[in-house]
Structure formats: structure tokens, C-alpha cells
Amino acid sequence: KWIVTISEHPENFMKPDFFLIKKGLQFDCPESGSKALREIRKLPENSDVSYSFGKLSDWCLRDCILAVIEFKVRLAPEDFGKLVCYLQHMCRNDNASTYYGMVCDDTDVWLVSCTAGK
């Protein structure tokens, strides 16, 4: 859980698959994912991509997040709703902050933006 929600019930804990942010604004954590996924990251064709694993260092820095990203095996309408929910919880409920997200599978990409929680 790293997205702050009003409810502290575990069903409402939110942790997207990935987020894009400038390096140094996150707490580093050990590499995560299955053994197969960790091996894919080490393939030669992925050698020019550097991954950092972690969570946002301070909730106040959420405006620095460039995008929230979710990967799915097969996209479903509830995946779109989950991404919108992530972005709504990040919003400051003003028109000055816009948050972006992407949810995708191996054939489709859905892009979402959210301003003022809408």
C-alpha cells in the first residue's frame, strides 16, 4: 500500500504495478516479481532499461508522479475502474493537479487522466 486512502481496511489498500517518477523521489526496495519476471529483466534486449523498485518516499510528492501503470494478462472493464480509482485517490481535488495512468495488456493500451477527482 502506498496510495493514501481514508479507510484503513486492507480491501482499500492500493498499490499499482508501476509508477514513473524522477529517480530519488522513492524509497528503494528489493527487486520484486516472480523469478521468471526477474530473469526477463536481465535479458540482453532489456539491458538499457534501469529499474528501481520502491514506493513513493512521501505522499506529498504525488504531484511528481508522471504516470501510474498497471499491466494485465487480458484487459477487462474493472481494470479501467481500478486505474480511475487510483488516480482519484491521488487527486488534490483542485483544477491545478492532473494525474495520468495507463493500463494495458499485450494488445491494448488504455490511457486515463484525472483532474479534481473526476
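Residues -14 to 103 in the working numbering are what the sequence shown spells out, letter by letter.
Glycine included, every Cβ here is placed at the ideal spot set by N, Cα and C.
If you compare alpha carbons, which of the options is closest to residue i?
i	options	result
C74	S42, W95, A101, L10	Here the sequence assigns His to residue 74, which means Cys is not the residue at that position. Taking only the C-alpha atoms, the option nearest H74 is A101.
S82	V58, C89, L72	L72
R77	R47, L60, E30, D91	R47
A61	T92, A21, D33, K103	T92
E63	G9, S32, C89	C89
K0	C70, L22, K20, S19	C70
So, are the CB atoms of residue i and residue j less than 8 angstroms apart?
i	j	result
K7	C45	no
V53	L68	yes
L41	L5	no
Determine the DSSP secondary structure at residue i, reduced to helix, strand or coil.
i	result
K67	helix
C49	helix
I25	helix
K40	strand
L72	helix
Please check the pair residue i and residue j, which I expect to be a contact at CB under 8 angstroms, by giving their CB distance rounded to whole angstroms.
i	j	result
V97	G86	5 angstroms
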